[in-house]
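The sequence shown: position 86 = 86 (full-length UniProt numbering), numbered continuously.
For each residue, glycine too, the CB sits at the ideal point set by N, CA and C.
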Amino acid sequence: MAQELTLEHGYHGWTLADLAERVGVSRRTLFNHVESKEQAVLGPRPVVDEDALVLFRQGGPTGRLLHDAVHLAMSLISANEPGPADLRRFQRVLLSDPALAEAAMRGLVEVLEDLVLRSADRPGITPETARLAFDLTLGLVRHAGEETTSESSTTTLNTRLRELLPLVDEIVAPQPQTTAS
1 MAQELTLEHG
11 YHGWTLADLA
21 ERVGVSRRTL
31 FNHVESKEQA
41 VLGPRPVVDE
51 DALVLFRQGG
61 PTGRLLHDAV
71 HLAMSLISAN
81 EPGPADLRRF
91 QRVLLSDPAL
101 AEAAMRGLVE
111 VLEDLVLRSA
121 DRPGITPETA
131 RLAFDLTLGL
141 VRHAGEETTS
151 ESSTTTLNTR
161 LRELLPLVDE
171 IVAPQPQTTA
181 S
C-alpha cells in the first residue's frame, strides 16, 4: 500500500497516517509494524538465512565462490520473493524518487558489507574476494531484476538468477587458446 501511495501522490505527498487509513488500522498498530515511512515503502531489510550463511562459510553449496554467493542471495530473496508485477511496481517507485532509490541501494550495500564480514572464515576467502563476489552477485541480481520487470515476464527473480549461472560460467571460464591466422 505504501508503494501505491507513493506512485499516486509522490513520496512526500502522503503520511503514515494516510497509510494507516488506507490499510484500515490505527496509527499505533501501523507503528508496531513499520519503523518509518521509508521502511513502509522499501520493505524490511533482507535477513540472511543463517543455515544458508553457515553453508556458504563452510565452502558450499557448490564450492565455487560466485555460484555460492548467488545461492546466498537467492536465499535472501526467497524469504519474501516478489512476483514480476511486484518487482515492476517497486521499480516504478524507485524511479519516481531518487532519494528512495539511493536508500534502497544503501540498504543493499549494508547487507553486502555485513555478508563480507560474516563470511570471513570461508576457506580461501579474503575480504577483497568476498566483496568482489558479492558485488558481482549484486550485478547479476540487478540484471535479472531488469529482465523480470518487463511487462511480458512471468519469471521470478530466483528462477532467472538460476538460469544466469551457466552464462556466467561461459563468460568467466578459461577460453581455449586460438592462434591468429
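Item                                                                                                                                                                  : Value
Between the alpha carbons of D97 and P127, how many angstroms are there, rounded?                                                                                     : 33 angstroms
Assign A79 to one of two classes, buried (16 or more other C-beta atoms within 10 Å of its C-beta) or exposed (fewer than that).                                      : exposed
Please look up how many angstroms separate the CB atoms of L76 and P46, rounded, as I've assumed it's under 8 angstroms.                                              : 4 angstroms
Going by beta-carbon coordinates alone, are A133 and L53 separated by less than 7 angstroms?                                                                          : no
With a cut-off of 8 angstroms, do at least 3 Cβ pairs link the region 21-34 to the region 66-73?                                                                      : no
Let's see if you can read the secondary structure: which residues bound the alpha helix (DSSP H) around N158?                                                         : 157-172
Once the 5 residues before and after L42 are set aside, which same chain residues still bring their CB inside 6 angstroms of it?                                      : A104
Need the endpoints of the alpha helix (DSSP H) that M1 sits in, please.                                                                                               : Note, M1: premise wrong, no alpha helix (DSSP H); not H, not E.
Is the CB-CB distance between T149 and R92 below 7 angstroms?                                                                                                         : no
For L95, count neighbouring C-beta atoms within 10 Å of its own C-beta (all shown protein chains included) and say buried if the count is 16 or more, exposed if not. : exposed
Could you please give the first and the last residue of the uninterrupted alpha helix (DSSP H) stretch that includes N80?                                             : Taken as a continuous stretch (DSSP letters only), N80 belongs to no alpha helix (DSSP H), as it is neither H nor E.
Here's a check: name, in chain order, each residue in its chain whose Cβ is nearer than 7 angstroms to the Cβ of M1, leaving out the five neighbours to either side.  : L19, R22, V23
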